[in-house]
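To start, the structure itself, in structure tokens.
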Amino acid sequence: MQKLNKFNQYLLEKYPTVWNTKLAWMLLAAFIFHLLFFVVGYLSHVNPETLQAQYVKDDYFRHGLIFVHIIISVLMIVVWLIMMFKNNAFKNFYPQSRIKIFGQFVQYFIIIFASTTFYFSYMTGFKMFINNRYPDSEMVKNIETVDRASAFLSQNASLYDLRNRLYPEVFFNLYCETNIRKIDRTKKYFVSYDRVYQFYRLYTKISYLHGDEFTEPQAEKKEKKEIVYSLLSKDGKSKTNYYKKEVVDVSPYINFTGFSYYNYSEIFYDAGAENETLEYYPTDPNRDALNIPSKRKQFEINRKTADLLNKNDIKEIEKLLSQFLSISKKFGIKNNLNAQKWAQIVYAPKEYPVRYFIKSYKNKPGTPYEEFGETTDTAVYAEPAIDSTAVNFEGNQILDSSGEIVTDSVLIKDFNPDISKQISPEEYVKQNLTEYYYYNDDLKNFLASVDEIKSFDYFTENIHLYLWISFFLSVFILSFRITGLKSVLFSAVSAGVLTLSVILIAVLYQVSAHGKVDFFAGYLTLIISLLILIVPIFFIRKFSKKITSIFVNLSLTGFVLFVFLILGIISIHQRQACYGKREAAGIGEKVICHDVFDDFGLSLSYLILILGFIFVFLYSAVLMKWKARPE
Numbered sequence: 064m065q066k067l068n069k070f071n072q073y074l075l076e077k078y079p080t081v082w083n084t085k086l087a088w089m090l091l092a093a094f095i096f097h098l099l100f101f102v103v104g105y106l107s108h109v110n111p112e113t114l115q116a117q118y119v120k121d122d123y124f125r126h127g128l129i130f131v132h133i134i135i136s137v138l139m140i141v142v143w144l145i146m147m148f149k150n151n152a153f154k155n156f157y158p159q160s161r162i163k164i165f166g167q168f169v170q171y172f173i174i175i176f177a178s179t180t181f182y183f184s185y186m187t188g189f190k191m192f193i194n195n196r197y198p199d200s201e202m203v204k205n206i207e208t209v210d211r212a213s214a215f216l217s218q219n220a221s222l223y224d225l226r227n228r229l230y231p232e233v234f235f236n237l238y239c240e241t242n243i244r245k246i247d248r249t250k251k252y253f254v255s256y257d258r259v260y261q262f263y264r265l266y267t268k269i270s271y272l273h274g275d276e277f278t279e280p281q282a283e284k285k286e287k288k289e290i291v292y293s294l295l296s297k298d299g300k301s302k303t304n305y306y307k308k309e310v311v312d313v314s315p316y317i318n319f320t321g322f323s324y325y326n327y328s329e330i331f332y333d334a335g336a337e338n339e340t341l342e343y344y345p346t347d348p349n350r351d352a353l354n355i356p357s358k359r360k361q362f363e364i365n366r367k368t369a370d371l372l373n374k375n376d377i378k379e380i381e382k383l384l385s386q387f388l389s390i391s392k393k394f395g396i397k398n399n400l401n402a403q404k405w406a407q408i409v410y411a412p413k414e415y416p417v418r419y420f421i422k423s424y425k426n427k428p429g430t431p432y433e434e435f436g437e438t439t440d441t442a443v444y445a446e447p448a449i450d451s452t453a454v455n456f457e458g459n460q461i462l463d464s465s466g467e468i469v470t471d472s473v474l475i476k477d478f479n480p481d482i483s484k485q486i487s488p489e490e491y492v493k494q495n496l497t498e499y500y501y502y503n504d505d506l507k508n509f510l511a512s513v514d515e516i517k518s519f520d521y522f523t524e525n526i527h528l529y530l531w532i533s534f535f536l537s538v539f540i541l542s543f544r545i546t547g548l549k550s551v552l553f554s555a556v557s558a559g560v561l562t563l564s565v566i567l568i569a570v571l572y573q574v575s576a577h578g579k580v581d582f583f584a585g586y587l588t589l590i591i592s593l594l595i596l597i598v599p600i601f602f603i604r605k606f607s608k609k610i611t612s613i614f615v616n617l618s619l620t621g622f623v624l625f626v627f628l629i630l631g632i633i634s635i636h637q638r639q640a641c642y643g644k645r646e647a648a649g650i651g652e653k654v655i656c657h658d659v660f661d662d663f664g665l666s667l668s669y670l671i672l673i674l675g676f677i678f679v680f681l682y683s684a685v686l687m688k689w690k691a692r693p694e
């Protein structure tokens, strides 16, 4: 206790301003709480299951830590103010100067900032834990293993049909037509129950923007050729249209048209996906056809899966699945799979059909499993010829469960005469559904959460909020210490009355004059603001001390808002001028409008904050003049 008293005495004698603001003690208390929040952040997600949710970066707010944060911040600031107000430097006539007044303001800012930014310490600890526990080099290998092994999860039947085939290389640039009415029956096609596949080579033509529409090439327009899909250019002035050219016979590569592991090409998790701007048409089943980076990765997955299956070695499959389950255990993914038994389920040379399916969750005993990995007709088949639940036949017609004739049923009978003897995909999945389960959504969420936290810039996104909270609270405390509580309250009431008056006048102007109310309200507020700023500087002795205290407080608190108002008026003029250019622009000519806020972005926040500090420093002279006036 004696040492603390000695330290206090030392501060009082050597650094009276620091002693008065309690800066040293408040920074020490803030450091302790920051350290506590850092530890909490580091330990908050030790259990990997906590990372199996979406938007884990918001856990600080969702799990209530923000309320603990607010309570601690409020208590710290209240206790600090009580301690500091015992020694009001102005009321006790301590010698003051512009530098000392500004120095006190800066210390207020530092104390409040340190007492309100525990979120950064929490996120620093959280991010450090993720980087240490799941290093990039290890995660890259883990994701590669996950992408390869996920081919054998067999939870979504649609991922194993023929249209997903990308390997060998001949499939990579082909388009798979699945609309039964667009199949060329004179060329090679493939049938699987109610699904027909035909592979086409494509060619491209570029169309350019004229007015608001793209002009289609005349030859294709004349022949009424359907656009399979389009790739929009980066500048938006042209697009590349893809048309079907000719059917390619890929029968040397296809021996089995049902669900097969050879067809799997899905990317289980792609952290660095880059998507092109594409236009798709309703009949397009090849949704990722032009996403070349993604498609190349899909090709590699298909190739590696095929290479593994071609070895016909169950031990190799078991080895991969064992690595996958080991990763899953580390990540806390719920499952009941066994590598050896799982490999036996998969192993079926030579075509490797998908014989059994794995659940995506563990259903309770006695409750039906209601999720079949999107095996309904809208998922397994992009555009089915018949409903996959249709199992009744009457002559050449196929009937659904209510006895209605299914659309295109006669057509599919022409393609697949034996359909009445076959089982629908949905029924096939139900009959071959095992009791094994694997929570693959939890794994996807986990991998996404790890990447999200590693790349999340929590500082840049949130620092402005805490800076401005600290600035305005510091200005408010400075105003209170100089002018007193009564003047601050009168200032708050005056600000409210002025704001309400401006709003009412602006509404009245809009109703009566039908003018541009944004200009009117902006300039009216600017004139009032200038009057408020001028009075303390040039007319401080013309009015009573009580009256001028209101102008002093409004100027001190509202200067940064005044700067923002000026920028807002400039922005309105810029937008207005740009709209005029846009109206005068020629057809097809794009005019992009930018204003001062677009040009500077968030850096404008720092600039206005710096101007706020400069203003407080310069305005300290006015504060001293006002304080020197007799009561």
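Mapping of the sequence shown onto this note's numbering: position 315 corresponds to residue 378, and the numbering continues sequentially without gaps.
Virtual Cβ for every residue (Gly too), placed ideally from N, Cα, C.
Once DSSP output is grouped into helix, strand and coil, what is the label at residue i?
i      : result
Asp280 : A small correction: the amino acid at residue 280 is Pro; Asp does not occupy that position in the sequence shown. It is coil, neither helix nor strand.
Leu272 : strand
Arg228 : coil
Gly436 : Its pLDDT being 42, under 50, Gly436 is placed unreliably in this model, and the value from its coordinates should be taken loosely. Gly436 falls in the coil class under three-state DSSP.
Lys307 : strand
Lys288 : coil
Leu91  : helix
Ser136 : helix
Thr430 : coil
Phe420 : strand
Glu498 : strand
Lys85  : coil
Ser184 : helix
Thr80  : helix
Asn68  : helix
Ser618 : helix
Asn150 : coil
Ser323 : strand
Am I right that residue i and residue j are in contact with their C-beta atoms under 8 Å? What's the rounded C-beta distance?
i      : j      : result
Thr320 : Ser255 : 4 Å
Val103 : Tyr185 : 6 Å
Phe101 : Thr179 : Actually they do not touch by this definition, with Cβ atoms about 16 Å apart.
His527 : Ser666 : Not confirmed; about 10 Å, so no contact.
Out of the options, which has the shortest C-alpha to C-alpha gap to residue i?
i      : options                        : result
Glu498 : Tyr586, Asn401, Asn375         : Asn401
Glu286 : Phe168, Leu99, Lys307, Asp658  : Lys307
Val560 : Thr588, Lys360, Lys579         : Thr588
Pro231 : Phe362, Asn71, Leu686          : Phe362
Lys284 : Phe235, Glu381, Phe322, Ser270 : Ser270
Gln637 : Gly643, Val623, Asp658, Gly621 : Asp658
Asp520 : Phe165, Phe189, Phe172         : Phe189
Pro416 : Tyr182, Ser217, Ile174, Phe124 : Ser217
Leu548 : His126, Ile613, Val685         : Ile613
Glu379 : Ile635, Arg544, Ala212         : Ala212
Ser634 : Ile475, Phe660, Thr249, Thr84  : Phe660
Arg228 : Leu617, Leu91, Tyr292, Ala369  : Ala369
Val291 : Leu237, Asp121, Thr249, Ile134 : Leu237
Ile597 : Tyr586, Phe582, Val580, Leu617 : Leu617
His126 : His108, Val137, Ile135, Glu329 : His108
Thr267 : Val259, Asp376, Asp257, Pro280 : Pro280
Quick one: is residue i buried, meaning 16 or more other Cβ sit within 10 Å of its Cβ, or exposed?
i      : result
Glu524 : exposed
Pro599 : buried
Lys393 : exposed
Cys239 : buried
Val574 : exposed
Thr438 : Since pLDDT at Thr438 reaches only 39, below the 50 mark, its modelled position is unreliable, and the value read off the structure follows with that caveat. Buried: at least 16 other Cβ atoms inside 10 Å.
Phe148 : exposed
Ala640 : exposed
Ala584 : buried
Leu563 : exposed
Lys609 : exposed
Met191 : exposed
Ile673 : exposed
In this structure, what does DSSP give as the bridge partners for residue i?
i      : result
Tyr260 : Phe253
Cys641 : Its beta-bridge partners do not exist; DSSP assigns none.
Leu265 : Lys307
Glu240 : Gln261
Lys302 : Ser270, Leu295
Ser328 : DSSP output for Ser328 lists no bridge partner at all.
Asn398 : Tyr501
Between residue i and chain C, is there a C-beta pair that is closer than 8 Å?
i      : result
Ile532 : Annotation note: the requested chain C is absent from the structure, which comprises a single protein chain.
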